[in-house]
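Residue numbers (numbering that gives the first Met the number 0), protein chains in the order written: chain A, 0 to 346; chain B, 0 to 346.
Accompanying notes for the structure given below.
2 protein chains.
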Amino acid sequence: MNERPKLLRARERLTLRDLAAHAGVSRATVSLVLAKSPLVAEKTRARVLESARLLGYVYNRGAANLRTRRTHTIGVAINEITNPYFTGLTAEIQRAFLDLGRTVFISNSDEDPARQEQFISTMREYNADGLVICPAQGTDLDSMRRLREQGIACVLMSRDIAGSGLDYAGHANHRGISLVTEHLIGLGHRRIAMIGGVDLTSTGRERRAGYRETLAANGLPLAPELVVTGTPSRSMGADAIKRLLRLDDPPTAAVCFNDVIAFGVMLGLRQVGREPGRDFAVFGYDDLAEAELWTPALSTVGIDSHAIGTAAARLLLERIDNPDAPVKREISQPRLIIRASGCPPAR
Amino acid sequence: MNERPKLLRARERLTLRDLAAHAGVSRATVSLVLAKSPLVAEKTRARVLESARLLGYVYNRGAANLRTRRTHTIGVAINEITNPYFTGLTAEIQRAFLDLGRTVFISNSDEDPARQEQFISTMREYNADGLVICPAQGTDLDSMRRLREQGIACVLMSRDIAGSGLDYAGHANHRGISLVTEHLIGLGHRRIAMIGGVDLTSTGRERRAGYRETLAANGLPLAPELVVTGTPSRSMGADAIKRLLRLDDPPTAAVCFNDVIAFGVMLGLRQVGREPGRDFAVFGYDDLAEAELWTPALSTVGIDSHAIGTAAARLLLERIDNPDAPVKREISQPRLIIRASGCPPAR
DNA sequence: TTTTCGATTTGGATCGTTCTAAATTCTGGG
DNA sequence: CCCAGAATTTAGAACGATCCAAATCGAAAA
Chain A
0 MNERPKLLRA RERLTLRDLA AHAGVSRATV SLVLAKSPLV AEKTRARVLE SARLLGYVYN
60 RGAANLRTRR THTIGVAINE ITNPYFTGLT AEIQRAFLDL GRTVFISNSD EDPARQEQFI
120 STMREYNADG LVICPAQGTD LDSMRRLREQ GIACVLMSRD IAGSGLDYAG HANHRGISLV
180 TEHLIGLGHR RIAMIGGVDL TSTGRERRAG YRETLAANGL PLAPELVVTG TPSRSMGADA
240 IKRLLRLDDP PTAAVCFNDV IAFGVMLGLR QVGREPGRDF AVFGYDDLAE AELWTPALST
300 VGIDSHAIGT AAARLLLERI DNPDAPVKRE ISQPRLIIRA SGCPPAR
Chain B
0 MNERPKLLRA RERLTLRDLA AHAGVSRATV SLVLAKSPLV AEKTRARVLE SARLLGYVYN
60 RGAANLRTRR THTIGVAINE ITNPYFTGLT AEIQRAFLDL GRTVFISNSD EDPARQEQFI
120 STMREYNADG LVICPAQGTD LDSMRRLREQ GIACVLMSRD IAGSGLDYAG HANHRGISLV
180 TEHLIGLGHR RIAMIGGVDL TSTGRERRAG YRETLAANGL PLAPELVVTG TPSRSMGADA
240 IKRLLRLDDP PTAAVCFNDV IAFGVMLGLR QVGREPGRDF AVFGYDDLAE AELWTPALST
300 VGIDSHAIGT AAARLLLERI DNPDAPVKRE ISQPRLIIRA SGCPPAR
C-alpha cells in the first residue's frame, strides 16, 4: 500500500515505469513500443499507446540520449541572423534537416566569435550529432581546426575558413562578381566602384578579389579610391556613393558587395538627385526578395540558398556517418540577374 | 591490467569517472569542482581542472539534467523568422536569456502550427525549463491552453491568444494605429485607407480595430472599400494601392499594417507616377531599420522590441519560479515617428 | 597524546531510458 | 498431449552525471 514513496513530490513526472505499470507490461516492452519496434504484438502496442494517451506521458529524450549516445540533434550557428540573406539561409537549413528527421537548434552569434564558441560548446555538452556553422567575423582558425580533431561532425556554410579542414557548402563568389564586372565592362563602363565587404570573411575576400582580377583580366587599372571597404548596411552604401560622386573622376557604376548595400547606394543616389539605372549603374548581390520590387528593380546576382542549405545538410549527415572521409566542398553557381538598375555610362 | 573492458569502443567518450581517476579523487569531488562548489579545497580544484584540460573533458549536460531535472534551457518558437520585425525580436529575446545565463534554442515555425507543435513537443521531451512562443497564424487555442494544464512555463510574445491563460509580452497595437489615424485626421485627411493585416493574429485584429474605432471616435464613416486585408509583403502593398487609386473616390492617405507593406505602397505609388509624402500620405508600423533611409523617409510607429524581449524573458523566469502565480501581461507603448512620408491631402 | 569540530572527500543510490541475453508464451505438427 | 521453433516479453545492467549521509582529515583545544 506504500509502494511508491515518492508520491508526495510536487509535480511528479510520469516515466516509462508508470506507463508500464498502467499497461500491465514491463518497461522494456514499453520502450519497444515507443521505438516503434516490429517485435511487439499488435494488441500490446495498442494497449501501451492507449495508456500513454490516458496518462499524458511525455517521453524523456534526454534520458534516452544518455543511453543511445545519438541525439539526432543538429546545432546551427548563424553569424548574424538579422542579415536577410542569412535569415533566408537559416530557414533553408532548418527545413532541410527537418525533412531529414533531425531536430535543429539555431543560435545567432551576432558576429561575435565568443558567442559562437559558447554555442558550440553547449552543443557539444548536449552531445549534438553535428554542427553547421556560418562563422562569425574574426572566428579563430584554431578553434575551427580543433573541432575536427575533437571528432565533431561539422560543416561550414556560406563562409569558408581556409585551413580548417572542415567540409564546406558555399557559393562561387569570385565568379559571381566576375559576371557582374564583365557585364558592366561590356556596357562600356571604365570607372567601376566596388562598395562594401571586408577581408574578415571569405565572402568579402572572394568578391573583392573577383572584382580586382576581372578588371585586370580586361586590361583595366585598379583605382584604389574606387574601392570602399565596410560592413554591409544601407547607410554605409548611401554614404559611400555620396563620397564617391564627389571624386574628381567619379565612377559611372558600382558593384556592391550585396543587395543591402546596393539599396543604400540607390537611396544615396536619389538623395543627390541622380537616378539609378539611368544616371548610374548599380549591381547588388544576393537577390533578396525585395530586389525585384524596387524601382528601378535591382540587377543582382542570385544565390541558390536552397541548394546551399540542402548541400550543407547532406554533407553533415555524410560526415556523421563517416567521420574519416576526405574533406568535401560543394560550391553553388551564381546566376546573373539583369533588371533595371544597370545602364551604360551616362553622358 | 584489464580494468576497463570497454577500451575497444571506437571514440570512447571521457566521463567524470576518467577525470576522477586521472586526478586521483572521487567522482563526487569532480562533480563538486565542475559545479564550482565552495566546499572543495583550492588545491584539489586546481588539480581537477588541470586534468580536465589535459584530457579534453567534455561535460555531459544531458546526463546532469537527467538527475537535476533542471535544464536551464529555453525554447523559442518564432512564427516566421524571415519577417524582419520578428528577426529583430528573435535576436532580442536570445540576448535577454543569454544575459540571464540560459541556453536558448530557436525554431522557425514558418507560420505553420504543425511545425510549431512539433517544436513544442520536442522541447518538452528535452525537458526545457520554459517556452517563449510567437504563435503561428491559425494556432489552435486548445493546444495553448493545454500548455498551461501540462504545467509548462510558457509566455506568448508579440501575438496574443485570448483565453489561453498564458502570460503575454506584447505591444499596444490598438493605440499605435490610433495615434497614426488621429495624426492623419488632424492633417485634414477624410478618406484614409487601411492596408494589410488579417484577423488570424491578435496583431491584425488589434490594429484593424484601432483604425475602425479611431475613425468612429472622430465621426468619420468607415468605408469598407478602403480596407484591404492580406498577409504582409511588398507586393501586396503595391497591388493594393494601385487598386485603391482607381476607386471613384480614392483615399488620400494609407495606414499600413506594417512597414513592409508601406514600402510596397510607396513603390506602387511611384509606379503610377505619384510621389509618397507629397501626393499621398503613407504610414507604416514597426520602424524597421530601413524605414528612415527611404526617400521619402517613412513615417511609422516605433515598437520597442528590446522591451518586449526583456519583458518576455522576465515573465518566463517568474513563471518558472512560481507556476501558480496569476497570469501577467506586459504591454509596451507605441511611439509615433513622423518623418517625410506623411502630408496633408493633395489638391 | 587525546579529543573535538570544522573542512573535505567519498560511496552508493538515483534520474529515465535502452539493450542484451534469457525467459516465457504461442503455434502447429507428430 | 508433447515438443520444436518462432514470436513475445522481461529482468537487470548500463549510460554519465548529482546528491545525501557518512567517512576521513587536520589542526586547535584540552
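Where is the CB? At the ideal position from N, CA and C, for every residue including glycine.
The structure displayed is predicted, hence computed values, not measured ones.
Excluding five sequence neighbours on each side, which residues of the same chain lie with their C-beta closer than 8 angstroms to the C-beta of residue i?
i: Ile160/A; result: Pro134, Thr138, Leu140, Met143 and Ser201
i: Leu31/B; result: Leu38 and Val39
i: Arg147/B; result: Cys153, Ser163, Gly164 and Leu165
Going by DSSP, which residues form a beta bridge with residue i?
i: Pro220/B; result: Looking at the DSSP assignment, Pro220/B forms no beta bridge with any residue, so it has no partner.
i: Asp285/A; result: Gly301/A
i: Ala280/B; result: Ala252/B
i: Pro322/B; result: In DSSP, Pro322/B forms no bridge with anything.
i: Val226/B; result: Met193/B
So which residues on chain B does residue i lean against when the C-beta distance must stay under 8 angstroms?
i: Ile105/A; result: Phe104, Ile105, Ser106 and Asn107
i: Tyr58/A; result: Glu124
i: Ala237/A; result: Leu292
One question on the structure: do residue i and residue j come within less than 8 angstroms of each other, judged by their Cβ atoms?
i: Val227/B; j: Leu244/B; result: no
i: Val179/A; j: Leu297/A; result: no
i: Thr251/A; j: His188/A; result: yes
i: Pro325/B; j: Val300/B; result: no
i: Thr89/B; j: Ile73/B; result: no
i: Ile191/A; j: Val259/A; result: no
i: Ile302/A; j: Asp285/A; result: yes
i: Leu54/B; j: Asp17/B; result: yes
i: Ser331/B; j: His173/B; result: no
i: Pro275/A; j: Ser340/A; result: yes
i: Gln117/A; j: Val103/A; result: no
i: Arg273/B; j: Cys342/B; result: no
i: Ile99/B; j: Ala280/B; result: Here residue 99/B turns out to be Leu, not Ile, going by the sequence shown. The answer is no: Cβ separation not under 8 angstroms.
i: Asp128/B; j: Arg66/B; result: no
Below 9 angstroms on C-beta distance, what does residue i contact in chain B?
i: Ile80/A; result: Ile80, Thr86, Thr89, Ala90, Gln93 and Ile105
Interface residues of chain A around residue i at Cβ under 8 angstroms?
i: Ser234/B; result: Leu292
i: Leu266/B; result: Leu292, Trp293 and Thr294
i: Ser263/B; result: A small correction: the amino acid at residue 263/B is Gly; Ser does not occupy that position in the sequence shown. Correct list: Leu292.
Could you please give the first and the last residue of the uninterrupted beta strand (DSSP E) stretch that includes residue i?
i: Thr381/A; result: In this structure chain A extends from 0 to 346, so residue 381/A is not present and cannot be described.
i: Arg328/B; result: Arg328 to Ser331
i: Tyr167/B; result: Asp166 to His170
i: Val103/A; result: Thr102 to Asn107
i: Arg334/B; result: Arg334 to Ile336
i: Gln237/B; result: Per the sequence presented here, residue 237/B reads as Ala, with Gln not at that position. First-last for Ala237/B: Arg233 to Leu244, but that is the alpha helix (DSSP H), not the beta strand (DSSP E).
i: Val254/A; result: Ala252 to Cys255
i: Ala152/A; result: Ala152 to Met156
Excluding the 5 residues preceding and the 5 following residue i in the sequence, name in chain order all residues of the same chain whose CB lies nearer than 7 angstroms to its CB.
i: Glu289/B; result: none
i: Glu329/A; result: Ala168, Ala310 and Leu314
i: Ser234/B; result: Gly263
i: Pro322/A; result: Gly150 and Ala152
i: Ile337/A; result: Ser298
i: Gly87/B; result: Ser304
Using C-beta distances below 6 angstroms, list every residue in its chain close to residue i, excluding the 5 sequence neighbours before and after it, in chain order.
i: Arg101/B; result: His71 and Ile73
i: Gly196/B; result: Gly203, Arg206, Arg207 and Phe256
i: Asp198/A; result: Arg204
i: Arg114/B; result: Ser108
i: Ala9/B; result: Residue confidence is low: Ala9/B scores 40 on pLDDT, short of 50, so the model does not pin down where it sits. No coordinate-derived value is stated.
i: Val267/A; result: Note on residue identity: the sequence assigns Gly, not Val, to residue 267/A. Answer for Gly267/A: Ala237, Ile240 and Lys241, listed in chain order.
Which chain B residues are close to residue i, counting only those with a beta carbon under 7 angstroms from its beta carbon?
i: Glu289/A; result: Arg233
Residues of chain A with a CB under 7 angstroms from the CB of residue i: which are they?
i: Gln270/B; result: Thr294
i: Asn64/B; result: Gly61
i: Thr121/B; result: Thr102
If you follow the alpha helix (DSSP H) that residue i is in, where does it begin and where does it stop?
i: His188/A; result: Neither: His188/A is in no alpha helix (DSSP H) and is coded neither H nor E.
i: Val57/A; result: Per DSSP, Val57/A belongs to no alpha helix (DSSP H) and is neither H nor E.
i: Val259/A; result: Asp258 to Gln270
i: Val131/A; result: Element bounds for Val131/A: not the alpha helix (DSSP H) but the beta strand (DSSP E), Gly129 to Ile132.
i: Ser17/A; result: The sequence given here places Asp at residue 17/A; Ser does not occur at that position. Run containing Asp17/A: Leu15 to Ala22, per the alpha helix (DSSP H) assignment.
i: Asp141/A; result: Leu140 to Glu148
i: Ala40/B; result: That residue, Ala40/B, is in no alpha helix (DSSP H); it is neither H nor E in DSSP.
I'd like to confirm something about residue i: is its beta-carbon nearer than 7 angstroms to some heavy atom of the ligand ADP, or not?
i: Ala288/B; result: As far as ligands go, the structure on display features none, and thus does not contain the ligand ADP.
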